[in-house]
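Colleague: One structure, as structure tokens, below. Some questions next.
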Amino acid sequence: MLTAYTVKQLAGGEFQLRNSGGGSGGGALVTIRFPKPFPKGWPRGGAEGYAVPATMSSPALGDVPCIVKAFRNGLPGRGDRMDKLVGHGLARSHDWLFSGVPFASVRRATVNGVPLDDSNISIHVCYDVNGEDFAHLKNHDAFDAFDADERGWLAAQLCETVAGLEKRRIVHGDLSHGNIMIGWDDERRRVECVLIDYDGFTAAGTPPLPRRHAGQPIRMLGSPGYQHPELMRRSSADPAGADEGVFVENDRFALGVLCCELMVWRSSVRQALLRDELLSPEALATGRDVIPKELSRGWPDGADLLAEALRAPTAADLPEPHAWLRAMGRRVDDHAPAEWTTPKPVMRISRQSGGPHSPISVRRRVEFGHSAQGAGDLSAIDPRLAPVGFAYERADGALTLKLTFDWPELVTVTRSDRMLRLDARKAPRPRPLTFEVGPTDVIRSDGWRFDFSP
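Numbering (the numbering used here) for the sequence shown: -19 to 434.
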């Protein structure tokens, strides 16, 4: 029996499995270890199952953070579906694109003497993408901190993910704001948008979920506010789930809605709409005009493309994923989306309102162009940063960045091998203080944090 109590008993335990899709040797034996105690807020889950953090110890990759998900098999053949998804090897084939796809599944395991061998339980393991789901960020008004450039990267990555799935003839089936994770990559060099929860996927050899199970209808996959009107009409006309032919590939429509949300969503939009989705599910169901003025004002090209998607008579007529990239003004490259995998050199600046674990109150980016050199101060970011100057010089394709602090505050430089602390308040320390910033360095002073991605 899978319960929250059972899952909590996993803390401090471990088990072994064959990693068949994660890029560690094609079926190598790996060890999954659980922390003790679990971090605050874990396990997470509810009606269908639970997720807990863990570490995968691999002969090829070393220790890799991951997430273990234990599900009740409420979906028909959930375990079989996960086995097939792992077998596709997506997590191995294109790491940055499909890092939310499970790389291993297991039917039976014993951890701390607790047998997870119930036939009604399936377990799968995926990488820890180090972020929060978009719905959580929206609900807590935390997405305001992302600037326009970061939002464009997130939407572009999601477009490429869906395009990549289409090339492999895979349908996710349940794109929504609760099923995309937003965070930073391992080196905190760029924001990442990762699609997760592939339970209802469809592919060659994996048919759509049946409309009924155990004598009861199963809801069509998809979330209110992200379902194409055709899907809503057909599922509403068949509440008993009698028509097994009802299947609508909804990924393209949900992708368009999510791109629009990623580009324009702010706490002010939430307050104006009085809901957590851009589109009203009620208006979608009735065919009324559903495009809010907040989208039309914030991203007119996106609003026009979404209107086209709403007018599409069937899901087959929806705009393809790269159409949304073009609406953003981004380059379309089917093979190497280098525009966001190798971004321009940037410096990230953040400020915390209190101690090291307090919320971030300021988050900005300075992007360096292609000129050979440049200099300035950071007053445009915040007037309090007027005493902080920067200078950069480009030579042989490499960019060198220096920061200068002309203020009486402690400056801490953390490098991979040591920490340097210079206090300008102590004589005879000369001012200004100048530091060359490397890609692994972090500089902190007076509550501000500076780091650089060359």
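Glycine included, C-beta positions come from ideal geometry on N, C-alpha and C.
Go through the region 117 to 155 residue by residue and report every complete run of the alpha helix (DSSP H) that reaches 4 residues or more, in order.
Modeller: The region 117 to 155 contains these whole alpha helix (DSSP H) runs: 128 to 147.
Colleague: Is the region 128 to 148 touching the region 17 to 27 in the sense that three or more CB pairs, one from each, lie closer than 8 Å?
Modeller: Flag = no, the region 17 to 27 and the region 128 to 148 do not touch.
Colleague: Does the region 123 to 142 come close enough to the region 297 to 308 to have 3 or more Cβ pairs within less than 8 Å?
Modeller: The region 123 to 142 vs the region 297 to 308: in contact.
Colleague: Give the range of the beta strand (DSSP E) segment to which F432 is assigned.
Modeller: Residues 428 to 433.
Colleague: Using 7 Å as the threshold, is the C-beta distance between I103 and V91 below it?
Modeller: No, the pair does not count as a contact, with Cβ atoms beyond the cut-off.
Colleague: Could you tell me the alpha carbon to alpha carbon distance between R424 and A128, rounded to whole angstroms?
Modeller: Using only the alpha carbons, I get a separation of about 25 Å.
Colleague: What is the DSSP secondary structure of W304, reduced to helix, strand or coil?
Modeller: Note: W304 maps to helix in three-state DSSP.
Colleague: Taking the alpha helix (DSSP H) that S216 belongs to, which residues open and close that run?
Modeller: Its alpha helix (DSSP H) spans residues 209 to 216.
Colleague: Kindly list the residues whose CB is nearer than 8 Å to the CB of F181, restricted to its own chain and excluding five residues on each side of it in sequence; keep chain order.
Modeller: R61, L65, I150, V151, H152, G153, listed in sequence order.
Colleague: Helix, strand or coil: how does DSSP classify K16 here?
Modeller: Correct three-state label for K16: coil.
Colleague: Assuming contact is defined by CB atoms lying nearer than 7 Å, are A265 and E210 in contact in what I supplied?
Modeller: It is not a contact, given that the beta carbons lie outside the stated cut-off.
Colleague: Going by Cα to Cα distance, which pick from C240, A283, Y107 is closest to S37?
Modeller: Minimum Cα distance to S37 is reached at Y107.
Colleague: Under the three-state reduction of DSSP, which class applies to G221: helix, strand or coil?
Modeller: Coil at G221, not helix or strand.
Colleague: With DSSP as the reference, identify every bridge partner of E373, one or two as the case may be.
Modeller: Q353, T380.
Colleague: For the alpha helix (DSSP H) containing Y(-15), name the first residue and the last one.
Modeller: Unbroken alpha helix (DSSP H) run through Y(-15): -16 to -12.
Colleague: Buried or exposed: E224, going by 16 or more other Cβ atoms within 10 Å of its Cβ?
Modeller: The residue is exposed, with fewer than 16 neighbouring Cβ atoms inside 10 Å.
Colleague: Assuming T266 is part of the alpha helix (DSSP H), what are its boundary residues?
Modeller: Start and end: 261 to 266.
Colleague: Tell whether a beta-carbon distance below 7 Å holds between V368 and L358.
Modeller: Result yes, Cβ atoms of V368 and L358 sit closer than 7 Å.
Colleague: Starting from L285, follow the alpha helix (DSSP H) in both directions and report where the run begins and ends.
Modeller: Looking at the DSSP string, the run of the alpha helix (DSSP H) that includes L285 is 280 to 291.
Colleague: According to DSSP, is G59 helix, strand or coil?
Modeller: Residue state, collapsed to three classes: helix.
Colleague: Under a three-way DSSP split, which group does L390 fall into?
Modeller: If DSSP states are grouped into helix, strand and coil, L390 belongs with the strands.
Colleague: Skipping 5 residues on each side, what residues in its chain have a beta carbon closer than 8 Å to that of A143?
Modeller: Excluding positions up to five away in sequence, the list reads E300, P301, H302, D314.
Colleague: When DSSP labels each residue in this structure, what does D297 get in the three-state scheme?
Modeller: Helix at D297.
Colleague: To the nearest whole angstrom, what separates the beta carbons of T394 and V422, a pair I think is in contact under 8 Å?
Modeller: About 5 Å; that satisfies the 8 Å criterion.
Colleague: Just the C-alpha distance for G205 and V(-13), rounded to the nearest angstrom, thanks.
Modeller: Roughly 32 Å between the two C-alpha positions.
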